[in-house]
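S.K.:
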């Protein structure tokens, strides 16, 4: 097996600001870690133009009936799985619409699966099993920017004709060469040398937040700044749903609760019923005609 050269990766460099880390007090270490973390959002800011392209491509995929598929290994894969899972209750989408793939499968969420990230073939196979098509959007995530599992998946996605993006935490990343829309965020060396679950992981989480949230806004899942397609899967979310209806329509709690029930616990439908003074069936027709955008039902 050929030697992997990590010398040029920012994520592998030692951080001069944290030399002597093992001799710092808890207070000093906390302060130093916080100082390093503050650099992350500023590093992400420099990549906003690249992030915008990935979001636009994702919205286009959704509008064609396609899916958003994240893929990565280790921390990068876990963050993709997390973001995908949270889209279901937040935006009321089916689990198949945003998918997170991690090298090694579900087991790898909690236990490292030896060698899984080193297989380009595994990345391609995982997408093949999902029946990837040209309407989909694949985003490869790798802090190092060189994970074979991700590269294999991206190459397969390009063969199929799917749109491709990447998130790496090194400049001139290898995975960037395999995607249409690369994002390369440089947060500087890690607080703990090579521990990319720290600043790199935080940067990836911030970018994933943008991709999923703003893409969902782009297909009508939000009204003003309210998540009107939230699924009320527990008591807290039932109460949040009623509160969203109140905030969107300025009705009182009792009225919101009544319409929430009348709309079969569909928050967006309840809001349109109130704002357009419509019954459930008419409000549903208005939403279909408006492609799910609440504001367009008011025209």
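In the UniProt record's numbering, the protein residues as written are 1 to 299. Built from N, CA and C at the ideal position, the CB exists for glycine as well. From a predicted model like this one, the values you see are computed outputs, not experimental measurements.
Judging by CA-CA distance, which residue of 115, 142, 74 is the nearest neighbour of residue 109?
M.R.: The shortest Cα separation from residue 109 among 115, 142, 74 belongs to 74.
S.K.: Could you check the C-alpha separation between residue 291 and residue 218 for me, to the nearest Å?
M.R.: Cα-Cα distance, rounded: 11 Å.
S.K.: With a CB to CB cut of under 6 Å and the five nearest residues on each side skipped, what residues in its chain are close to residue 289?
M.R.: Excluding residues within five positions, none has a Cβ falling inside 6 Å.
S.K.: Thinking residue 183 and residue 214 are a contact (beta carbons under 8 Å), I'd like their distance in whole angstroms, please.
M.R.: Wrong, their Cβ atoms sit about 14 Å apart, outside the cutoff.
S.K.: For residue 248 versus residue 259, is the C-beta spacing smaller than 8 Å?
M.R.: Contact: no.
S.K.: Using 8 Å for Cβ pairs, my map puts residue 212 next to residue 106. What's the rounded Cβ distance?
M.R.: Their Cβ separation, rounded to whole angstroms, is 20 Å, which puts residue 212 and residue 106 out of contact at 8 Å.
S.K.: Roughly how many angstroms lie between the CA atoms of residue 264 and residue 128, to the nearest whole one?
M.R.: The alpha-carbon atoms of residue 264 and residue 128 are separated by roughly 37 Å.
S.K.: If you measure between the beta carbons of residue 152 and residue 121, is that distance less than 8 Å?
M.R.: Yes, the pair counts as a contact, with Cβ atoms nearer than the cut-off.
S.K.: What's the gap between the Cα of residue 168 and the Cα of residue 205?
M.R.: Their backbone Cα atoms lie some 12 Å apart in a straight line.
S.K.: Quick check on DSSP: helix, strand or coil for residue 302?
M.R.: A question about residue 302 goes unanswered here, because the residues of the chain that appear run from 1 up to 299.
S.K.: Per the DSSP calculation, residue 183 is bridged to which residue(s)?
M.R.: Residue 183 is bridged to 167.
S.K.: Could you tell me the alpha carbon to alpha carbon distance between residue 161 and residue 30, rounded to whole angstroms?
M.R.: Roughly 46 Å separates the two Cα atoms.
S.K.: Mapping DSSP to helix, strand and coil, what is residue 227?
M.R.: Residue 227 falls in the coil class under three-state DSSP.
S.K.: Check residue 139 in the structure and name its three-state DSSP category.
M.R.: Reduced to three states, the DSSP call for residue 139 is strand.
S.K.: Would you check if the distance between the CB atom of residue 147 and the CB atom of residue 175 is smaller than 8 Å?
M.R.: Cβ atoms of residue 147 and residue 175: closer than 8 Å.
S.K.: Is it buried or exposed, residue 2, if we count other Cβ atoms within 10 angstroms and call 16 or more buried?
M.R.: Any reading at residue 2 must be qualified, since the residue scores a pLDDT of 40, below 50, and its modelled position is unreliable; the value itself is stated next. Exposed, because fewer than 16 other Cβ atoms sit within 10 Å of the Cβ of residue 2.
S.K.: In three-state DSSP terms, what is residue 98?
M.R.: It is a strand residue.
S.K.: Can you pull the DSSP bridge partners for residue 70?
M.R.: Answer is 100, 139, bridged to residue 70.
S.K.: Rounded to a whole number of angstroms, what is the C-alpha to C-alpha distance between residue 329 and residue 79?
M.R.: Outside the shown range of the chain, which is 1 to 299, sits residue 329, and nothing can be said about it.
S.K.: Taking contact to mean at least 3 C-beta pairs separated by less than 8 Å, is the stretch 35-47 in contact with the stretch 134-147?
M.R.: Cβ pair count under 8 Å is below three, so no.
S.K.: Quick one, which of 191, 76, 158 has its alpha-carbon nearest residue 100's?
M.R.: Comparing Cα-Cα distances from residue 100 to each of 191, 76, 158, the minimum goes to 76.
S.K.: Less than 8 Å between CB atoms is the rule here; does residue 47 satisfy it with respect to chain C?
M.R.: Protein chains in the displayed structure number just one, and chain C is not present.
S.K.: By DSSP, does residue 19 sit in helix, in strand, or in coil?
M.R.: In this structure, residue 19 counts as coil in the three-state DSSP scheme.
S.K.: Which class does residue 267 belong to by DSSP, given the choice of helix, strand or coil?
M.R.: Residue 267 falls in the helix class under three-state DSSP.
S.K.: Consult DSSP for residue 155 and reduce its assignment to one of helix, strand or coil.
M.R.: If DSSP states are grouped into helix, strand and coil, residue 155 belongs with the helices.
S.K.: So, residue 135 versus residue 65, is the Cβ gap smaller than 8 Å?
M.R.: Yes.
S.K.: Apart from the five residues on each side of it in sequence, which residues of its chain come closer than 8 Å, Cβ to Cβ, to residue 50?
M.R.: Cβ within range, chain order: 181, 182, 183, 184.
S.K.: Within its chain, find whatever has a CB closer than 6 Å to the CB of residue 87; leave out the 5 residues flanking it on each side and keep chain order.
M.R.: Excluding residues within five positions, the ones whose Cβ falls inside 6 Å are 93, 98, 212.
S.K.: Take residue 46 as the anchor and find which of 20, 102, 171 has the nearest alpha-carbon.
M.R.: The residue with the shortest Cα to Cα distance from residue 46 is 171.
S.K.: Buried or exposed for residue 201, please, with buried defined as at least 16 other CB atoms from any protein chain shown within 10 angstroms of its CB.
M.R.: It is buried - the Cβ of residue 201 has at least 16 other Cβ atoms within 10 Å.
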